[in-house]
Amino acid sequence: MGTDLQVTRWSLISVEAQPVCQHIFIFRSVAVASHRRAGVGADLSAALVSFVLKEPAGVAVAMAGFRIRRYRDEDDEAVKEIFTMGMIEHVPACFVHLLKQPLVQMALMCTFCALLTSSKSLLLPVLTVTLMLAGLRQMASYMFRSYIEACLKEDLACIRETYMGKGDSCFWVAESEGQVLATVACQPSPTQPECLELKRMSVRRTHRGLGMGKALCQALADHTRERGYLAVVLGTSIIQTDAQKLYEHLGYTKIREFTYPSLMAKLSNFSIIEYRLELQERKIE
């Protein structure tokens, strides 16, 4: 493959084959300083991911210091670590979500007022409410750790068998200097046979904002389109606001919102947002 050049008003990016390896492509990009945080670089990178993946040699993609490739067995521990750390990061946000619930606020207020009235002391109600807050924090942690343990025992227990050896399922990673930095996977949707379901999207905290998530989503969308599916669907929790912004920027449409099917989730009003990307009507730009 020769050299290809993409240009916008504020940036340019080029791609050329790596002379020492036919499966690696080198991206070079430049953006106007005043527009480097506006997403133009990420948009061009995603466009070139799509371009390279359509080439016969496009097995792996090197861009902005990282490359996208399919999962290998040696990635297992890194993939599980990225998933685990990514989920644990949401515990503080879940705790704040719990504190915003009217039922929780009422319970805390009623407990404080009742103990203050009965004990005529400020110390007892303060200590009790503090313990209740600590319990809520543990509840938030338990919700996510239970989910992590369930996933590690299910699809992530044997990634190759789950994603790499079954029909249209697939698993990708973003890698830099031999280190796995981000992941995404897809499987046929169990409820919508015309769709593939996006799963296990996660990027290491230290490498966010570099376009990895967008590039992985582009690779998944191209994979879905090539296999004749009509759309990509996914579910993300109400507290994962960064993920919601990413999906909406990529053209995903919010379909519905529902409470996660567990007693604890129902009590805490913890909901899941379902998104859908129509591939036949719109491509990621």
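So in the UniProt record's numbering the end of the sequence shown lands on 285, straight run, no missing numbers. Even for Gly, the Cβ is constructed at its ideal location relative to N, Cα and C.
P193 carries a coil assignment under DSSP once its states are collapsed to helix, strand and coil.
In the DSSP assignment, the residues bridged to G235 are E274. A Cβ-Cβ separation of about 6 Å places K199 in contact with C186 under the 8 Å criterion. With respect to the 7 Å criterion, P125 and L133 are not classified as neighbours on the basis of their beta carbons. When DSSP states are grouped into helix, strand and coil, P261 belongs to the coil group. Three or more pairs of CB atoms, one per stretch, sit closer than 8 Å, so the region 190 to 207 contacts the region 227 to 235. As a beta-bridge residue in DSSP terms, P188 pairs with L196. Bridge partners of T241 according to DSSP: none are assigned. DSSP places L230 outside both helix and strand once states are collapsed to three, so it counts as coil. With three or more CB-CB distances shorter than 8 Å, the region 234 to 244 counts as touching the region 253 to 273.
When beta bridges are read from the DSSP output, V203 appears opposite A182. Rounded to whole angstroms, the separation of the alpha carbons of C151 and V180 is 19 Å. Non-local C-beta neighbours of G213 in its own chain, meaning closer than 7 Å and more than five positions away in sequence, comprise A182, M201, V203, L246, ordered along the chain. The alpha-carbon of L122 is positioned some 10 Å away from that of C113. By the Cβ-count criterion, R276 is buried, with 16 or more other Cβ atoms from all chains shown falling within 10 Å of its own Cβ. For L99, the closest of T253, E81, I239 by C-alpha to C-alpha distance is I239.
Of the other Cβ atoms in all chains shown, 16 or more fall within 10 Å of the Cβ of I159; this residue is therefore buried. CA-to-CA, the gap between T206 and L108 works out to about 37 Å. Under the DSSP assignment, S121 falls outside any beta strand (DSSP E); it carries neither an H nor an E label. In terms of Cβ geometry, A219 and I82 do not form a close pair [threshold 7 Å].
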